[in-house]
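Residue numbers (UniProt numbering): 1 to 694.
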């Protein structure tokens with residue numbers, strides 16, 4: 001996917017296509033899916049039919065005349081078309097994204113193996129003929145035919161077609177980086193892949209289905225809002241229908257004035273029902289998924305995007321999310337009788353063959369603090385001793401002097417020193433405890449049976465992460481750090497990062513239980529993961545963002561996939577979800593509020609002939625009853641067009657609490673919804689008079 005997230009909502013090609021689709025959506029079967037706009041659609045058909053019939057029966061034209069009927073009919077059709085245009089424009093962006101994804105799908109030949117090992121006999125097979133469980137060999141230059149798991153080999157894979165990142169990634173058997181995606185290309189070496197899906201079920205296929213707004217299912221929140229809008233529409237429908245017999249009765253009793261026309265009643269109904277949000281509701285939902293896609297996150301449904309906006313607990317992995325992921329050497333603390341330079345020299349030599357980020361940071365720190373130049377392990381006559389899970393330490397054996405330099409965890413070095421007849425200094429033990437209390441990781445260095453001191457490795461907190469957590473707290477979201485560190489270290493890092501709580505020494509079972517506990521309190525939980533051991537927790541979480549670099553099990557358990565495999569993306573996912581809900585709520589508030597001005601415009605115009613006292617309600621000083629009704633209908637149509645960019649881009653996101661957000665929403669979109677229509681209807685009335693159209 002392209003990394004360009006600029007939202008060209010009014011791109012000419014999309015606008016032209018949306019304009020054409022606005023007419024195709026006039027099919028009654030399409031209009032029926034939006035009950036509010038279907039009422040407008042029925043009103044358009046009714047007024048058009050009355051206008052056509054008035055040529056044969058002038059009495060049907062009513063007191064306003066056939067010209068008025070035609071104008072109302074046209075603007076009602078424009079209202080329907082503008083709503084169709086908004087939806088088509090949102091869908092057009094999603095369809096453009098889907099089209100670009102379809103371009104990535106190519107028919108490829110695969111090297112199907114009879115046995116899952118390199119060098120086994122293979123024969124060419126079209127990718128469409130592969131099935132789940134088949135094993136294929138993918139060599140340098142080959143496209144991976146379908147999604148699957150690497151069961152043998154290590155290779156560099158170009159995933160830029162999917163993620164937009166040009167840098168290749170390493171995929172290998174076992175661990176959390178064994179998942180491969182169909183359509184990506186192997187750049188070096190080879191892989192043996194067990195196909196994990198059938199044709200048509202690949203990640204690319206799911207992406208295409210997800211981003212096609214036309215096939216988007218309504219979310220629970222959207223369904224609830226639709227029910228509310230339908231209820232309001234029915235109420236106004238009943239009210240409007242009763243106005244006709246009321247008008248007949250009033251004219252007969254007062255023996256003055258004229259009976260209100262069906263055209264005027266239709267205009268009143270359309271203006272009073274929530275047509276603004278009814279016309280934009282679908283576009284808001286489609287645009288929310290499109291914005292998520294622009295952030296390189298694929299949501300399996302609009303429900304997942306909406307749930308992200310309701311999340312109130314975030315579970316975040318420490319490494320790579322809260323910290324930079326690579327611990328860095330920061331301090332040398334020597335044992336009694338040992339200088340810092342001696343400790344630094346021994347630590348550097350013990351780390352020369354250690355290519356981990358932690359090992360390289362020790363070499364760099366010794367060089368920068370004491371000017372100790374790097375030396376080749378071979379020139380020292382040294383034999384590297386690699387780290388193992390059993391020994392929990394690494395180092396070198398030097399031929400000269402028979403020195404054994406080791407660095408590792410406190411308990412591992414203690415056992416090593418004591419096995420050689422040495423003792424572990426209590427001063428060093430105290431230093432190790434102090435380093436752990438600060439949230440850092442202590443490593444102990446020994447030269448044979450002598451302990452030289454400790455090295456402090458710090459988890460570097462990401463810049464700005466504390467401020468982001470504070471903003472989430474203001475929104476009522478609780479942040480929980482997940483780490484495999486001990487409680488002492490976890491508590492220190494949690495305090496420095498500013499998270500609300502933490503889970504130390506986390507296991508898959510502990511993560512799952514923590515999610516269960518929060519959900520039992522009625523809270524919605526979001527988390528990220530990339531490994532098979534994360535799958536149970538991802539499946540249980542309300543919003544589960546799986547890393548694209550992770551295992552197939554993790555991606556299937558999650559309801560979102562981050563193509564960039566960036567754990568911090570969870571924060572953006574929540575913000576995008578909240579922006580969707582904020583946009584929907586803001587425009588709903590505006591839509592309901594702006595009906596007030598239309599009431600003041602149309603009701604006096606309809607009944608002022610019978611009840612002259614209603615003229616005092618003409619606070620806008622509109623020119624005439626016909627201009628008042630026509631101005632309200634025109635404003636009702638144009639406001640949909642004016643709000644399309646806001647519906648597609650979303651209201652500006654603010655990290656504030658629910659109460660503050662509600663007050664801000666009412667102040668801007670509630671009061672604004674009351675004021676703007678008064679100004680807009682008056683301006684339209686003035687233009688109609690100026691142009692002699694009424």
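The C-beta atom is built at its ideal place from N, Cα and C for all residues, glycine as well.
Closest option to residue 230, judged by alpha-carbon separation, among 270, 55, 243 and 248: 270. Taken in chain order, the complete alpha helix (DSSP H) segments of 4 residues or longer contained in the stretch 395–437 are 410–419 and 426–437.
Annotation note: the stretch 280–328 contains the following uninterrupted alpha helix (DSSP H) runs of length 4 or greater, listed N- to C-terminal: 302–310. Note on geometry: alpha-carbon atoms of residue 21 and residue 43 lie some 21 Å from one another. By the 16-neighbour rule on beta-carbons within 10 angstroms, residue 123 is exposed. By the C-beta density criterion, residue 296 is buried, having at least 16 other C-beta atoms within 10 angstroms. In the structure shown, the three-state DSSP call for residue 362 is helix. Residue 171 is bridged by DSSP to 155. In this structure, residue 430 lies away from residue 442, with their beta-carbon atoms at least 8 Å apart. Each of 609, 603, 611 and 337 was checked against the Cα of residue 620, and the nearest Cα belongs to 603. The shortest CA-to-CA distance from residue 317 to any of 448, 402, 503 and 233 is the one to 503. Rounded to the nearest whole angstrom, the C-alpha separation of residue 323 and residue 310 is 26 Å. Its chain contains 546 and 561 as the residues whose beta carbon lies nearer than 6 Å to that of residue 555, once the 5 sequence neighbours on both sides are disregarded; these appear in chain order. The beta carbons of residue 194 and residue 288 sit no closer together than 8 Å. The beta carbon of residue 681 sits closer than 7 Å to the beta carbons of 597, 601, 620, 631, 632 and 635 from its chain, once the five residues preceding and following it are set aside; these are given in chain order. With contacts defined by Cβ atoms closer than 8 Å, residue 155 and residue 136 do not form a contacting pair. Contact between the stretch 352–362 and the stretch 563–575 is not established, with fewer than three Cβ pairs separated by less than 8 Å. In the DSSP assignment, residue 591 falls within the unbroken alpha helix (DSSP H) covering 569–593. Boundaries cannot be given for residue 121, as no beta strand (DSSP E) includes it and DSSP labels it neither H nor E. A distance of 8 Å or more separates the beta carbons of residue 449 and residue 484. Counting along the chain, the unbroken beta strand (DSSP E) around residue 482 starts and ends at 478–482. Nearest in C-alpha terms to residue 319, of all of 512, 460 and 515, is 460. For residue 227, the enclosing alpha helix (DSSP H) has its first and last residue at 220–254.
Residue 285 holds the alpha-carbon nearest to the alpha-carbon of residue 304 among 285, 400 and 487.
Between residue 248 and residue 606, the alpha-carbon positions lie close to 12 Å from each other. Within the same chain, and ignoring the five residues on either side of residue 159 in sequence, the residues whose Cβ sits closer than 8 Å to its Cβ are 165, 168, 169, 181, 184 and 548.
Residue 79 is a Cβ neighbour of residue 275, given a cutoff of 8 Å. Between residue 82 and residue 640, the C-beta spacing is below 8 Å. Taking 8 Å as the upper bound for CB-CB distance, residue 343 and residue 479 are not in contact here, some 37 Å apart. Under the criterion of beta carbons closer than 8 Å, residue 587 and residue 280 qualify as touching, at roughly 6 Å. Under the three-pair Cβ rule at 8 Å, the stretch 516–528 does not count as touching the stretch 489–507. In the three-state DSSP reduction, residue 501 falls in the strand class (E or B).
Around the beta carbon of residue 196, a 10 Å sphere encloses 16 or more other beta carbons of the protein chains shown; the residue is thus reported as buried. Following the DSSP letters along the chain, one finds residue 685 inside the alpha helix (DSSP H) bounded by residues 671–690. Of all alpha-carbon atoms in 391, 476 and 12, the one lying nearest the alpha-carbon of residue 524 is that of 476.
By the neighbour-count criterion, in which 16 or more other beta carbons inside 10 Å mark a residue as buried, residue 414 falls on the buried side.
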